[in-house]
Amino acid sequence: MTLLLIHNGWVLPCDADMRQALRPGYVLVRGERIEAVGAGSPPAGLLAEADQVIDAVGQAVIPGLVNAHTHLFQCFLRGLADDRPLLQWLAEATWPGGLAMTEQDFYLAALLGFVENLKCGATSVLDQDYVQTSPHNMDAVAEAAQRSGARALLARGVGDREPYFARFVEPAETIIAETGRLIRRWNTGPTSRVRVEFGPMIPWGCRVETLAEIGRRATEWDVGVHIHVGETRDEVQMSLDEFGLPPVRWLDEIGVLDERWQLVHCVWLTPEEMDIVAGRGSLIVHCPVSNMYLASGIAPVGEWRRRGIPVALATDGPGSNNSQDMLEVLKTTACLQKVGQLDAQALLPADVLEMVFHGGARAMCLDGQIGRLAPGALADIVLVNLARPHIAPVHSAASALVYNANGNDVDTVIVGGEVLVREGKLTQIDEARLVADCQAAAEGIIARAGIRIAAAVETAG
Ligand SMILES: [Zn+2]
């Protein structure tokens with residue numbers, strides 16, 4: 069097995085104390101897993117024995133970031149419907165654009181998205197594709213993940229009733245059968261690089277019996293369930309009007325919530341609903357840039373954490389962000405809570421790192437396997453260049469990562485021991501060619517969908 073040694077860096081193991089930094093430190097990788105992490109110089113002999121040595125001087129060596137919620141097909145639609153609230157943004161660009169995409173478009177958009185995530189330091193991506201216009205759209209996304217080398221968990225986004233977008237509605241039998249087929253094809257082992265799980269889009273988009281069946285099958289097949297909940301006040305009102313209950317109370321009433329459920333957004337939960345989430349052991353995925361972009365609100369992250377709810381972080385889709393830069397998400401997570409609470413200590417760098425790494429590992433159903441640099445963990449490792457004018461001088465690596473660094477500072481990206489990005493460049497994919505192919509494909513989609521660019525980008529008001 070290949071032996072890879074990273075030394076001379078500013079190593080943040082993020083194992084127990086998120087602020088701990090080994091300076092210098094080293095990480096030894098054998099095959100797809102980490103064999104050793106240590107302070108100081110590596111033991112004599114290792115430098116000679118290693119097949120590959122990376123000198124990380126001036127760089128932070130951290131676990132790969134986890135982007136726990138996105139919709140990568142929107143890479144081709146970003147910027148088309150800026151400055152609109154959620155439901156209008158969906159109807160005017162995201163839904164019609166998605167309908168005009170071919171299987172090949174899904175492949176290319178996802179590949180661009182996985183590449184962007186990797187280059188910005190996210191080694192693990194939880195992608196929810198919800199355009200099932202061809203039975204093989206999800207296979208195309210999975211093939212793109214495989215091509216990129218990223219670690220991917222793909223939630224098959226579905227709905228089986230209106231008011232969910234009628235053109236995306238599928239019968240419950242198709243939802244169960246197709247998700248099952250994908251799981252059998254892609255989930256070849258507990259840590260296989262690409263895996264599939266359930267992804268009912270929103271509580272009001274699925275019938276009660278379908279959500280119950282998804283819950284039962286998720287337990288039987290040992291996979292997670294990924295769902296948007298309480299993103300905007302309008303959506304909560306829809307739940308109150310139809311069911312007489314806010315969304316988490318309704319999900320609990322029908323008996324589905326458990327530790328397999330990953331609840332995305334949760335901006336507008338009541339205190340009682342937060343108690344329910346904590347009691348059921350479900351996880352919340354927080355998307356602060358998207359919540360700001362769509363004017364959805366400021367999520368009560370501190371109240372979740374005080375209740376012991378695990379929290380992961382994410383960009384959300386490229387249509388509502390518009391980037392996939394998880395380092396930007398770290399800063400936004402901290403700053404949005406500070407201004408929302410009028411409390412400069414509302415979230416500290418260690419809190420943000422705990423969410424992105426440990427909450428993210430939990431969201432990927434890889435608790436303990438990723439999100440830390442420790443012997444036995446999967447070798448998903450990122451090097452971030454701290455020796456740059458907008459970062460130096462560094463007094464605390466954790467602070468520099470959260471408040472200074474951005475995706476352009478990522479130097480090296482390793483997934484399962486494989487070096488996918490080195491000195492900021494992809495090692496296995498022709499980036500210029502990919503970008504050119506994506507530009508051509510996206511222009512074709514916009515023409516076919518009849519989206520008027522001039523109208524879509526004009527200034528509001
Ligand atoms: Zn989303």
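Position 125 of the sequence shown, counting from 1, maps to 193 under the working numbering, and the rest follow consecutively.
Positions of the beta carbon are idealized from the N, C-alpha and C atoms, including for glycine.
Assigned with DSSP and collapsed to three states, Asp-309 falls in helix. Not a single heavy atom of ligand 1 lies less than 7 Å from the C-beta of Asp-197. Ile-322 and Ser-467 have their C-alpha atoms spaced approximately 43 Å apart. Listed in chain order, the beta strand (DSSP E) elements of length 3 or more contained wholly in the segment 189-218 are 190-197. Around Pro-417, the same chain offers Ala-466, Ser-467, Val-470 as residues with beta carbons nearer than 6 Å, after the five sequence neighbours per side are excluded. About 16 Å separates the beta carbons of Trp-336 and Ser-350, which is beyond the 8 Å limit, so they are not a contact pair. Remark: the shortest separation between the CB of Asp-302 and any heavy atom of ligand 1 does not fall under 7 Å. Closest in alpha carbon position to Thr-138, among Leu-381, Ala-280, Arg-263, Thr-287, is Leu-381. Annotated three-state conformation of Arg-263 is strand, per DSSP. Rounded to whole angstroms, Ala-178 and Val-262 show a C-alpha spacing of 13 Å.
For Val-293, the shortest C-beta to heavy atom distance toward ligand 1 is 7 Å or greater.
Secondary structure remark: continuous beta strand (DSSP E) runs of at least 3 residues inside the segment 344-392, in chain order: 351-354, 379-381. Per DSSP, Pro-417 is not a residue of any beta strand (DSSP E); the alpha helix (DSSP H) it occupies stretches across 417-422.
Looking at Ala-500, Leu-434, Ala-445, Gln-127, the one whose alpha-carbon comes closest to that of Val-478 is Gln-127. Under DSSP, Pro-315 shares a beta bridge with no residue. For Gly-428, the shortest C-beta to heavy atom distance toward ligand 1 is 7 Å or greater. Excluding residues up to 5 positions away in sequence, Ser-307, Glu-321 lie with their Cβ nearer than 7 Å to the Cβ of Leu-313 in the same chain. Taken from the Cβ of Asp-384, at least one heavy atom of ligand 1 lies inside 7 Å. Taken from the Cβ of Val-332, at least one heavy atom of ligand 1 lies inside 7 Å.
Between the segment 364-382 and the segment 391-410 there are three or more C-beta pairs closer than 8 Å, enough to call the two in contact. Taking a contact as a CB-CB distance under 8 Å, the pair Val-125 and Leu-494 does not count as one, their CB atoms being some 23 Å apart. The DSSP-derived three-state label of Arg-235 is helix. In the three-state reduction of the DSSP assignment, Thr-256 falls in the coil class, being assigned neither a helical nor a strand state.
Secondary structure note for Val-276: its alpha helix (DSSP H) is the uninterrupted segment 276-289. In this structure, Ala-431 sits away from Glu-100, with a CB-CB distance that is not shorter than 8 Å. Leu-115 sits away from Arg-98, with the two beta carbons spaced by 8 Å or more. Ranked by Cα distance from Gln-405, the options Gly-436, Trp-372, Gly-428 are led by Trp-372. Membership of Ala-107 in the beta strand (DSSP E) is indicated by the continuous run 101-107. Looking at the DSSP output, Leu-221 bridges to Leu-194, Arg-263. Within the same chain, Cβ atoms closer than 6 Å to the Cβ of Ala-223 are found at Gln-196, Glu-265, Gly-267, His-294, the five residues on either side in sequence being excluded. Only exposed fits Glu-340, as fewer than 16 other CB atoms lie within 10 angstroms of its CB. Setting aside the 5 residues that flank it on each side, Glu-103 is surrounded in the same chain by Leu-96, Val-97, Pro-443, each with a C-beta closer than 7 Å to its C-beta; the list follows chain order. Annotation for His-204 indicates a beta carbon at 7 Å or more from all heavy atoms of ligand 1.
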